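Chains X and H are the protein sequences, given in the same order.
Quick note on our numbering: the first sequence kicks off at 13 and runs consecutively.
Quick note on our numbering: the second sequence kicks off at 13 and runs consecutively.
The beta-carbon is built from N, C-alpha and C at its ideal position, and this holds for glycine as well.
Only a predicted model underlies this, so the values are computations on that prediction, with no experimental measurement involved.
Here the structure is laid out as structure tokens; the discussion comes afterwards.
Number of protein chains: 2
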Amino acid sequence: MIEKTVLANGVRVLTERLPQAFSVTMGLWVEVGSRDEDPPRSGISHFIEHMAFKGTERRSPLDIAREIDRLGGQANAFTSKENTCFHARALAARLSELSDLLIDLLLHPAYHPEELERERQVILQEISYQEDTPDDLVHVLFGQNFWPGHPLGRPVLGSTESVAHIDRRTILHYQRQHYQPEGLVISAVGNLEHQQVVDLVGEALGSLPMAPRSRQRSAAQSRPGLHVVPRPLEQVHMVLGHQAPSAVDPERFAAALLNLILGGNMSSRLFQEVREKRGLAYSVYSFLSAYSDSGALGVYLGVAPNRAAEALRVARGEVERLAVGPVSDQELADAKENLTGSILLSAENPETRMSRLARNEINFGKDIPLEEVVSQVEEVSADDVSRLAAQLLTPGELSATILGAATADDLTREMGA
Amino acid sequence: MIEKTVLANGVRVLTERLPQAFSVTMGLWVEVGSRDEDPPRSGISHFIEHMAFKGTERRSPLDIAREIDRLGGQANAFTSKENTCFHARALAARLSELSDLLIDLLLHPAYHPEELERERQVILQEISYQEDTPDDLVHVLFGQNFWPGHPLGRPVLGSTESVAHIDRRTILHYQRQHYQPEGLVISAVGNLEHQQVVDLVGEALGSLPMAPRSRQRSAAQSRPGLHVVPRPLEQVHMVLGHQAPSAVDPERFAAALLNLILGGNMSSRLFQEVREKRGLAYSVYSFLSAYSDSGALGVYLGVAPNRAAEALRVARGEVERLAVGPVSDQELADAKENLTGSILLSAENPETRMSRLARNEINFGKDIPLEEVVSQVEEVSADDVSRLAAQLLTPGELSATILGAATADDLTREMGA
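What follows is the structure, given as structure tokens:
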């Protein structure tokens with residue numbers, strides 16, 4: 013059972029009672045992420061997320077670490093392009109401790125100057141770590157090339173340069189600007205009562221002064237092109253992508269099925285052509301990145317340098333085949349069964365349920381029951397998928413980023429450029 | 013409720029009924045892994061696991077992929093140093109389909125010569141992928157240096173050379189030798205009945221001819237030393253390790269607490285000293301690798317090249333401090349609370365429960381109830397942990413593997429060599 017209370021200042025509190033669970037999972041979601049940053053402050057949302065764990069007015073950093081560990085160690089946070097989330101899971105009897113800790117992290121970070129300098133070094137190491145992980149890095153580089161100059165294209169972590177220069181005053185200002193009641197969603201699921209959660213969070217969060225957010229977001233337009241980033245690696249890591257529907261677009265169900273048919277599962281065209289029939293890659297998949305107003309449908313492959321041109325040709329071939337040819341009834345039926353099955357199976361996971369609850373509120377302002385999602389998926393026709401494919405997967409609109417020991421010449425030929 | 017049936021030929025069937033679940037999770041465990049290989053066949057256990065998905069007598073590779081996807085896409089397999097496991101999760105109503113598929117993958121792989129050659133290329137790409145992922149690779153290199161010449165030290169994936177040469181006849185022979193009834197454990201949890209599972213798997217698995225396995229395993233002895241693998245990376249990735257208790261050693265509870273206190277959580281000494289106080293690393297942790305007769309307690313750090321020597325000094329210092337100094341009552345109480353909390357929380361995950369059920373059978377021949385584990389953890393004293401630390405963490409026994417842009421000279425000095 014899902015319940016919702018909106019506090020007087022606009023904070024939304026959502027709960028889903030799962031009476032058979034023995035744990036509770038809570039997430040404090042702030043509608044701010046890297047797309048709300050300008051280039052000099054690139055990475056500031058993520059920096060603020062890190063600083064939450066570095067001391068509050070009442071707790072030292074060590075107090076926070078100890079408290080998290082004593083709750084079972086399942087508290088963490090993440091920053092994405094659109095959201096920042098502080099979340100934790102604990103035994104049901106410890107809901108009030110968990111809630112007290114998360115609220116303190118959210119509302120009262122101390123931003124000690126010394127802690128800030130040390131955490132800057134930690135984040136710079138996180139950036140270095142990403143730089144050393146090519147199948148991660150290639151997605152970051154792809155984003156920059158796909159949406160050049162647009163905030164959605166910038167990395168969540170920021171750059172070495174921007175992170176080096178973000179100062180305490182800028183952090184305080186940005187946090188005040190974006191951590192506003194109307195942008196806060198509290199989502200809790202598990203063995204709990206709605207009123208219990210409202211009582212626990214209501215006082216601290218309900219007393220936040222109301223202030224309108226001055227947030228400006230605009231849809232992104234992708235740019236086609238080929239970008240080769242040479243690096244002496246064992247594999248060539250490629251991401252190819254096209255513009256796709258947003259997370260709230262009525263076409264999102266057709267897009268999800270299109271993604272599955274293209275490369276989203278084992279029986280997909282790409283997995284079969286690239287891995288099963290040709291043994292070109294260990295890792296090959298397509299993915300859908302859907303934001304509030306923009307989206308990308310991409311393909312990743314990691315292949316041997318001497319087969320990079322062949323792999324690019326095959327992957328492009330499959331993308332184009334979907335753009336111009338039909339989707340069979342069998343393919344569509346299989347993709348629907350896969351999608352609805354995985355949606356229902358994932359609903360058994362409390363963290364997934366907590367995220368679903370928050371994301372539906374953020375995206376639609378209401379819950380979308382699982383049954384409704386399943387029935388919308390069932391309504392998509394093969395023609396709907398083909399039409400969407402034809403619209404999105406225009407060869408001239410392809411953006412490709414290739415990282416590794418590849419020569420631009422061979423690849424340019426494969427791109428038909 | 014946990015139930016166990018041993019078929020006439022020795023196959024063990026274990027189930028745990030979770031009446032409130034709406035899914036079922038099943039794992040077919042074979043007691044064979046990379047430690048059962050000799051150097052020319054390094055990677056053959058993992059190769060066999062891959063081939064299970066490449067066609068059986070009744071199913072083409074595409075049939076298998078489609079069936080997995082239609083079940084919700086949550087079927088997979090993994091190979092470790094000691095086990096190979098084929099597992100899947102699906103809605104409860106689909107238990108018989110899931111079971112039929114997994115048994116077919118286990119018992120009737122076709123090993124088509126063409127599929128074998130293609131899959132060889134896929135695995136070679138998997139090895140290249142690992143080679144490009146330094147925080148993964150450094151663990152593989154550490155294993156080789158820690159247990160040199162011993163099967164436990166060899167990589168699960170094998171080497172480019174060994175994988176290039178494994179042929180069909182060798183695979184058939186190895187599979188016959190190791191996929192024996194007495195080494196099979198079937199573990200199923202969720203909304204199911206024990207007898208239902210026995211009925212589903214009994215006929216196919218119960219009719220396997222009995223044959224004793226000719227398996228030879230011997231405990232591994234670690235070798236101390238410093239190994240620097242130069243590579244032009246943004247970070248220096250280090251693993252430092254000592255010998256540790258096995259998975260069945262009565263000292264395993266003390267070892268688990270020692271690991272948490274050293275670097276297993278946020279309030280641990282290493283996390284606090286390396287990340288929180290000095291900002292040296294984004295990723296720093298200790299880990300326990302416990303096998304049936306051997307174990308390792310290790311530390312991982314990813315740091316900037318110009319601070320590698322300092323990081324090594326700090327990490328070594330914390331390891332030595334634990335070897336010679338006391339563990340406080342507070343530290344111990346916190347570690348116990350963290351351990352028991354995380355054990356109880358993980359029990360809500362059906363995949364974790366399925367693994368626990370199988371691993372307890374493989375390691376102990378019986379179920380170890382969670383309450384018993386918790387009470388054994390509670391019985392460990394601070395002296396027990398200190399004594400174990402003093403015994404394991406001898407400075408002269410340290411084995412270190414360092415990957416990145418580091419010079420052996422600086423590091424050798426830090427190693428006191």
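So for residue i, helix, strand or coil by DSSP?
i	result
Met-278 (chain H)	coil
Tyr-186 (chain H)	helix
Val-315 (chain X)	strand
Ala-335 (chain H)	helix
Ala-267 (chain X)	helix
Ala-418 (chain X)	coil
Ala-216 (chain X)	helix
Tyr-294 (chain X)	strand
Val-168 (chain X)	coil
Val-326 (chain X)	helix
Val-260 (chain X)	coil
Ser-54 (chain X)	coil
Thr-352 (chain X)	helix
Asn-157 (chain H)	helix
Val-397 (chain H)	helix
Glu-131 (chain H)	helix
Tyr-191 (chain H)	coil
Asp-179 (chain H)	coil
Leu-83 (chain H)	coil
Arg-287 (chain H)	helix
Ala-429 (chain H)	Because Ala-429 (chain H) carries a pLDDT of 47, less than 50, the predicted location of this residue cannot be relied on, and no value is offered for it.
Val-380 (chain X)	Going by the sequence as given, residue 380 (chain X) is Ile instead of Val. It is coil, neither helix nor strand.
Asn-361 (chain X)	coil
Leu-245 (chain H)	coil
Ala-320 (chain H)	helix
Val-386 (chain X)	helix
Asp-305 (chain H)	coil
Asp-144 (chain H)	coil
Ala-232 (chain H)	coil
Ser-226 (chain X)	coil
State the beta-bridge partners of residue i as determined by DSSP.
i	result
Thr-68 (chain X)	X:Pro-121
Thr-37 (chain X)	X:Arg-101 and X:Val-201
Thr-413 (chain X)	X:His-239 and X:Val-251
Phe-299 (chain X)	X:Gly-310
Val-25 (chain H)	H:Thr-17 and H:Ile-198
Asn-88 (chain H)	H:His-99
Val-42 (chain H)	H:Thr-96 and H:Leu-196
For my contact list, residue i and residue j are in at a C-beta cut-off of 8 Å; report their separation, rounded to the angstrom.
i	j	result
Asp-147 (chain H)	Gly-314 (chain H)	6 Å
Ile-414 (chain X)	Leu-423 (chain X)	6 Å
Gly-22 (chain H)	Arg-243 (chain H)	No, Gly-22 (chain H) and Arg-243 (chain H) are not in contact; Cβ-Cβ is about 47 Å, not under 8 Å.
Ala-347 (chain H)	Leu-282 (chain H)	Their Cβ separation, rounded to whole angstroms, is 13 Å, which puts Ala-347 (chain H) and Leu-282 (chain H) out of contact at 8 Å.
Ala-320 (chain H)	Val-248 (chain H)	4 Å
Pro-71 (chain H)	Asp-116 (chain H)	First, the amino acid is wrong: residue 71 (chain H) is Arg here, not Pro. That belief holds up - the Cβ atoms of Arg-71 (chain H) and Asp-116 (chain H) are roughly 6 Å apart, short of 8 Å.
Could you tell me whether the stretch 129-138 of chain H touches the stretch 199-208 of chain H, where touching means 3 or more Cβ pairs closer than 8 Å?
no
Could you say if the stretch 131-151 of chain X and the stretch 285-304 of chain H meet the contact criterion of at least three C-beta pairs nearer than 8 Å?
yes
Give a yes or no on contact between the stretch 14-24 of chain H and the stretch 253-261 of chain X, applying the rule of three or more CB pairs nearer than 8 Å.
no
Identify each residue in the stretch 379-410 of chain X for which the Cβ-Cβ distance to at least one residue of chain H is less than 8 Å, and report them in chain order.
none
Counting beta carbon pairs with one atom in the stretch 261-278 of chain H and one in the stretch 347-356 of chain H, are three or more of them shorter than 8 Å?
yes
For the stretch 118-141 of chain H, which residues have a CB atom closer than 9 Å to at least one CB atom of chain X, in sequence order?
Glu-127, Glu-129, Arg-130, Glu-131, Arg-132, Gln-133, Val-134, Ile-135, Leu-136, Gln-137, Glu-138, Ile-139, Ser-140 and Tyr-141
Do three or more CB pairs link the stretch 193-201 of chain X to the stretch 26-46 of chain X at distances below 8 Å?
yes
What residues in the stretch 315-339 of chain X bring their beta carbon closer than 8 Å to a beta carbon of chain H?
Val-315 and Ala-316
Can you list, in chain order, the residues of the stretch 25-39 of chain X whose Cβ is nearer than 8 Å to any Cβ on chain H?
Gln-32, Ala-33, Phe-34 and Ser-35
Say whether the stretch 92-99 of chain H touches the stretch 308-328 of chain X, bearing in mind that this needs 3 or more beta-carbon pairs closer than 8 Å, one atom from each stretch.
no
Contact list for the stretch 71-93 of chain X against chain H, Cβ threshold 7 Å:
Pro-73, Leu-74, Ala-77, Arg-78, Ile-80, Asp-81, Arg-82, Leu-83, Gly-84, Gly-85 and Gln-86
I want to know whether the stretch 354-372 of chain X touches the stretch 297-306 of chain X - three or more CB-CB distances under 8 Å.
no
The stretch 281-296 of chain X: which residues have C-beta closer than 9 Å to a C-beta of chain H, in chain order?
Phe-283, Gln-284, Arg-287, Glu-288, Lys-289, Arg-290, Gly-291, Leu-292, Ala-293, Tyr-294 and Ser-295
Interface residues of the stretch 164-198 of chain H facing chain X [CB-CB below 8 Å]:
none
Segment contact flag, the stretch 225-240 of chain X with the stretch 145-163 of chain X, C-beta cutoff 8 Å, min 3 pairs:
yes
Residues, ordered as in the chain, of the stretch 39-53 of chain X that lie near chain H by beta-carbon distance below 8 Å
none
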